[in-house]
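Numbering (the working numbering), first residue to last: 12 to 583.
All residues carry an ideal CB built from backbone N, CA and C; glycine is no exception.
Have a look at the structure below, then the notes.
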Amino acid sequence: MERERIVGALEALAALSELLGENPFKARAYANAARTLSKASRPVESWGEPGVLEALPGVGKAIAEKVREQIATGSVHKLEELRAKVPPGVRELVGVPGLGPKKAGVLWRQLGLQSAGELEYACLENRLVSLPGFGPKTQAKVLEGVRLLAGRRGKLLLPSALAAQAALAARVERAARGARWLFAGEAARLCPVVSGLEVVLEAGRAEEAAAAMGLSRAAPGLFVGESPEGAPLRLRAAAAEGLGSAAVWFASGEPFREALRAELARSGLAWTEEGLLREGRAVPAPSEEAFWRAAARSPIPPECRELPEALEADLSEVVAEGDLRGAFHVHTDWSDGGATLEEMVAAAEALGWEYLGLCDHSASAVYAHGLDPERLVAQRAAIADTQARHPGIALFAGVESDILGGGELDYSDELLAALDLVVASVHGRFGLDEEAQTTRLVRAVSHPATTMLGHPTGRLLLSREPYAYRWEEVEEALVSAGAAVELNANPHRLDVDWTRLPSLRRRGVRVAVNPDAHSVAGLADVRYGIWAARKGLARRGDILNTLDREAVGAWLRSKKARRPQSRDGGGE
DNA sequence: GCCGTTTTCGGCCCGACTGTTTTCAGTCG
């Protein structure tokens, strides 16, 4: 948390400096330092020691002092100074897709706009078109961006939602004064995006607790408000003897809930949000355990309560956190990672992993210091050296190859063939039409060197939509090529989406839960991927990195040895 | 604001794309 606060302060310094039109290189220096610190391997606790910060690239005397000031006092004087010059609403203008600090600054200074709401209105009044550097297309794009932003308001990514939920627990506990309560809603079932926090609380104390928390009554038994993080907050009152039933009801996805309701009805139990009834008489379910006993079922964990199939599935086969034996797709400071090869390998070993796939960016990803052919070869030698020092973990030398505009990979076939694995990913040309994008992805997946397709939709949760292409054709290509698909576990991505997992499973496409880590801490992101995989009821056998070291090595070799299919698209 | 066996000053990740211009600025990855 402390690291996030420090990085956030530097990012704010960068954004405000740019908005205020200060030296753009100064703003970039703040942004560079923020990126360095977000990925730095040294723990935040050591940052106070003399010289530690200054040793990091992009961090000099001035920024190091600001960071130490933030650690010591909780704020940075310079940042407060800049904040005082910019109205709070103006900062959200920079967050509008299509608006950068320059254009946002023009809108603020020339039109006096101070919020996204005012911006929307100005677009509707056609007031942007006459500004220098603006025109009808920019105005239309900005209007679209504002509406996109409005759709995101109050939504949280899972890590923020879980932090918010933890903070909420303390508030509810105080307000409940001994009454029992349980979490429900999307955060309880670990949804990638959470549009509200929810608790159910014993009805006898609900009114009082809601008042203590500053919530207002929206309907009988429902109190609403907003969390400090800006997410909607719902408190539901439930009869004490039905608290468990209500918690299961409100923490289940609708398709699952309907299927369970129908199943219970067949056995003579009427299940509603009010509780459980048999022949008109209440069946007590004060806890979730009691509910599942009454339902004559083993408990189904909240994150698995999405698909109706969860009712028939053997949940002991569904992949769980402890099942991962290793991971692919990890970055180092050879490209845009913050940790050295040695540090990443040691960290993976410390997690108990049996193997690690090293996949830095390829040459076309210039902004990420992608590896040109010479450096890729040099890195393979460095990986071999590291392997010699770490016999306890198998290292796979790979690359995250950009998928070029026409679906080509980024290196010669000879160079690609010499690698243990290739994650093929799109990092640009998002705007191709559906036809071209589909062809491009099918071609990349069909390349014999492609081991797996990285973050297949390209979405960034709450900030960028998936690019347009026909998924079915790409899935078909994955099947034909025997390639795997990534479930990118970065909580901003969680891509492929869990709703695709049942179909991938049916078609025998292996899924790799990949951290896409750019730092030592990023390795732990695999847990978000596992939670998403559990929503899609992926079994251990569906997930490539539940295989042990020997089996995964054999799988990678067999993929490499596979003859290209006799279909077009096998590369140049 | 950072950084340096080209430099303690004068550069600063680099290229594609887009919409605005009539040669380029802003944004994005």
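Per DSSP, residue i is paired with what?
i	result
ARG228	PHE234
MET463	VAL434 and ALA495
TRP192	LEU212
PHE407	GLY368
TRP282	LEU287
VAL524	LEU498
SER412	ALA435
GLY337	TYR366
VAL204	LEU168
Could you tell me the alpha carbon to alpha carbon distance between residue i and residue j, rounded to whole angstroms?
i	j	result
LEU226	VAL211	14 Å
SER577	HIS372	For SER577, the predicted structure reports a pLDDT of 44, less than 50, and the residue's modelled location is therefore unreliable. A value from the coordinates is still provided. If I take the Cα positions, the gap works out to 30 Å.
GLY564	LEU555	11 Å
VAL294	LYS166	36 Å
ALA358	ALA20	27 Å
GLU486	ASP527	21 Å
TYR1	ARG16	Coverage of the chain is limited to positions 12 through 583, which leaves residue 1 absent and any answer about it impossible.
GLY580	HIS529	Caution is warranted here: a pLDDT of 41 is assigned to GLY580, below 50, making its placement in the model unreliable, and the coordinate value is therefore given only provisionally. When rounded, the distance between both Cα atoms is 31 Å.
LEU473	LEU159	9 Å
ALA306	LEU275	7 Å
VAL63	ASN525	31 Å
GLN448	GLY442	8 Å
GLY465	ARG504	11 Å
LEU430	SER346	17 Å
GLN236	MET224	The identity of residue 236 in the sequence shown is Gly, whereas the question assumes Gln. Going from the Cα of GLY236 to the Cα of MET224 covers about 9 Å.
LEU335	ALA199	23 Å
ALA572	VAL456	16 Å
GLY582	LEU382	With a pLDDT of only 38 at GLY582, under 50, the local geometry of the prediction cannot be trusted, and no value is derived from it.
ALA190	GLY116	51 Å
ARG511	ARG518	11 Å
ALA186	ARG451	56 Å
LEU367	GLY403	11 Å
SER206	PRO170	13 Å
LEU24	GLU80	14 Å
Can you tell which of the options has its C-alpha closest to the C-alpha of residue i?
i	options	result
GLU131	GLY100, PRO112, LYS113 and PRO143	GLY100
ALA428	ARG185, PRO459 and ARG79	PRO459
GLU252	LEU233, LEU512, GLU213 and PRO297	PRO297
TYR422	ASP431, SER86, SER457 and SER375	SER375
GLY493	HIS503, THR461 and TYR478	THR461
PRO203	ASP506, THR557 and LYS571	ASP506
LEU489	GLY69, ALA198, LYS570 and GLU197	LYS570
ASP413	ASP444, TYR378 and ALA405	TYR378
PRO502	ALA523, VAL520 and ILE541	ILE541
GLY286	SER57, ARG560 and ALA214	ALA214
VAL434	ARG511, GLU497, LEU415 and GLU29	GLU497
ALA127	VAL157, PRO108 and GLN121	VAL157
GLU328	ALA23, VAL78 and THR557	THR557
PRO467	ARG46, ALA523 and GLU446	ALA523
LYS96	ARG277, GLU29 and ARG308	GLU29
If the criterion is Cβ atoms closer than 7 Å, does the pair residue i and residue j meet it?
i	j	result
SER238	LEU246	no
LEU318	LEU515	no
ARG568	GLU314	no
ARG391	ALA408	yes
SER436	GLU411	yes
GLY337	TRP364	yes
ALA270	LEU322	yes
GLU299	ALA258	yes
ARG14	VAL70	no
ALA175	GLU103	no
ALA195	ALA262	yes
ASP559	ALA500	no
Give a single yes or no on whether residue i has its beta carbon closer than 6 Å to a heavy atom of the ligand MN.
i	result
VAL433	Only the bare structure without any ligand can be found here, which leaves the ligand MN out of the picture.
| Counting pairs of Cβ atoms below 8 Å between the region 21-37 and the region 103-118, do you hit three or more? | yes
inquiry  = Three Cβ pairs or more, each shorter than 8 Å: is that satisfied between the region 131-150 and the region 44-54?
reply    = Because the criterion of three Cβ pairs below 8 Å is not met, the region 131-150 and the region 44-54 do not touch.
### Message
If contact is defined by three or more beta carbon pairs under 8 Å, each pair taking one atom from either stretch, is the region 346-362 in contact with the region 394-402?
### Response
yes
Contact between the region 266-274 and the region 318-334: three or more CB pairs below 8 Å? Short answer: they touch.
Three or more C-beta pairs closer than 8 Å, one from the region 137-150 and one from the region 163-182: is that the case here? no
Three Cβ pairs or more, each shorter than 8 Å: is that satisfied between the region 151-158 and the region 171-183? Contact annotation: the region 151-158 does not touch the region 171-183, with fewer than three C-beta pairs closer than 8 Å.
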